[in-house]
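Scroll down for the structure; my scribbles are underneath it.
Protein chains: 2
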Amino acid sequence: MSKRKETSTNSLNKAILSSFCGVVHALDLIGGRWKLLILYKLGTNRKRFSELRDQLPNISERMLTLQLKELQRDHLIKRTVYAEVPARVEYELTDTGMALSPIWQDLEKWGEAHRKTFGAAAATAQPDRLNAV
Amino acid sequence: MSKRKETSTNSLNKAILSSFCGVVHALDLIGGRWKLLILYKLGTNRKRFSELRDQLPNISERMLTLQLKELQRDHLIKRTVYAEVPARVEYELTDTGMALSPIWQDLEKWGEAHRKTFGAAAATAQPDRLNAV
DNA sequence: TTGGGAACGAACAAAAATGTATGTCAAAAC
DNA sequence: GTTTTGACATACATTTTTGTTCGTTCCCAA
Numbered sequence: 133m134s135k136r137k138e139t140s141t142n143s144l145n146k147a148i149l150s151s152f153c154g155v156v157h158a159l160d161l162i163g164g165r166w167k168l169l170i171l172y173k174l175g176t177n178r179k180r181f182s183e184l185r186d187q188l189p190n191i192s193e194r195m196l197t198l199q200l201k202e203l204q205r206d207h208l209i210k211r212t213v214y215a216e217v218p219a220r221v222e223y224e225l226t227d228t229g230m231a232l233s234p235i236w237q238d239l240e241k242w243g244e245a246h247r248k249t250f251g252a253a254a255a256t257a258q259p260d261r262l263n264a265v
Numbered sequence: 133m134s135k136r137k138e139t140s141t142n143s144l145n146k147a148i149l150s151s152f153c154g155v156v157h158a159l160d161l162i163g164g165r166w167k168l169l170i171l172y173k174l175g176t177n178r179k180r181f182s183e184l185r186d187q188l189p190n191i192s193e194r195m196l197t198l199q200l201k202e203l204q205r206d207h208l209i210k211r212t213v214y215a216e217v218p219a220r221v222e223y224e225l226t227d228t229g230m231a232l233s234p235i236w237q238d239l240e241k242w243g244e245a246h247r248k249t250f251g252a253a254a255a256t257a258q259p260d261r262l263n264a265v
């Protein structure tokens, strides 16, 4: 989120791919470690910063802040500040964010099925090196 | 893919989240810059290494190799080597990989719709800093 | 006997993502 | 006047991902 080099091949590839394929664009918006989880938590009802922090295992405040800011920038969530002291801030899904919901429900099913079939071992198992025909 | 530090908070978080939520597990498998694109290219029919390389804008051979290896490890694609000279290798989706297809078709729609609505400007626009109530 | 193409592997370098520690702000409670 | 609280900001360190360059192998064809 901070310092980037806009001219790196890395950045350029990202932009190219993102403009050329909707899926990649989508992944850009919801990718990363925490975003889908945050959206998921907000799926049912609006939550405040501290609630999210407490419900997301191990997230640091910095990460939460960054992700929320990006999600807001990309119009997936809406942020509301209440002028109280100490401040209270609430987050909720936008319509665009809600539109994702059926998709990650399917993805959830697929992911669970995959895990049940292949187990955690899949993460370390090596593929056959040669299966010639 | 190469040297990791299995004990870092980073790695641990990844593992924790992945085991606790199917969506995160799924994102683990199809995330990254190229994987969904590769799956997409293989969606219609099996392709060989060089075809993929030529059809993916700007991908390096190394990246393609790495991604293919991981996809194979995770049972999303199947690799077949023909004992010819020079070697010919073909890749195709497994059933698990195919099962993803409806999902990324929805994701594609969502991504396109998002881009049309918010445009490329979304990537640089800043959210309102304060919208007190 | 050199040269070629296909599909990689290895060493290295750059960039991006993630995590840690500490500081800020306002006003109200003590 | 010191402390407390929620929601961050800032500086910095670490880890992971992505990209670059070169080398390798196999046999056959020129």
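These protein sequence lines are chains L and V, in that order.
Using my numbering, you'd call the opening residue of the first sequence number 133 and step up by one each time.
Using my numbering, you'd call the opening residue of the second sequence number 133 and step up by one each time.
Backbone N, C-alpha and C fix where the C-beta goes; we use that ideal spot for every residue, glycine too.
Check: Could you confirm whether any beta carbon from chain L is found closer than 8 Å to the beta carbon of V:T228?; Outcome: yes
Check: Quick check on DSSP: helix, strand or coil for L:R220?; Outcome: strand
Check: If you draw a straight line from the C-alpha of V:S192 to the C-alpha of V:L184, how long is it?; Outcome: 11 Å
Check: DSSP has L:L168 in a bridge; who is on the other side?; Outcome: None; L:L168 has no bridge partner.
Check: Kindly indicate if chain V contains any beta-carbon less than 8 Å away from that of L:K146.; Outcome: yes
Check: Would you please verify whether the beta carbon of L:G251 is less than 8 Å from any beta carbon of chain V?; Outcome: no
Check: Where DSSP assigns a beta bridge to L:T212, which residues make up the other side?; Outcome: L:E222
Check: Identify the continuous alpha helix (DSSP H) that holds L:R185 and give its terminal residues.; Outcome: 181 to 187
Check: To the nearest angstrom, report how far apart V:G229 and V:L239 are at their CA atoms.; Outcome: 15 Å
Check: So that I know if they touch, is there some Cβ in chain L lying closer than 8 Å to that of V:Q199?; Outcome: no
Check: For V:D260, I'd like the list of residues in its chain whose CB is within less than 6 Å of its CB, leaving aside the five on either flank, ordered along the chain.; Outcome: Any reading at V:D260 must be qualified, since the residue scores a pLDDT of 38, below 50, and its modelled position is unreliable; the value itself is stated next. Closer than 6 Å at the Cβ level, and outside the excluded window around V:D260, lies no residue.
Check: Identify the contact partners of V:Y172 in chain L, using a Cβ-Cβ distance below 8 Å as the criterion.; Outcome: C153, V155
Check: What residue range is occupied by the uninterrupted alpha helix (DSSP H) comprising V:L200?; Outcome: 193 to 205
Check: Please check if any C-beta of chain L sits within less than 8 Å of the C-beta of V:D186.; Outcome: no
Check: Taking L:L169 and L:I162 to be in contact with their CB atoms under 8 Å, please state how far apart those CB atoms are, rounded to whole angstroms.; Outcome: Between L:I162 and L:L169 the Cβ distance is about 10 Å, and since that is not below 8 Å, they are no contact.
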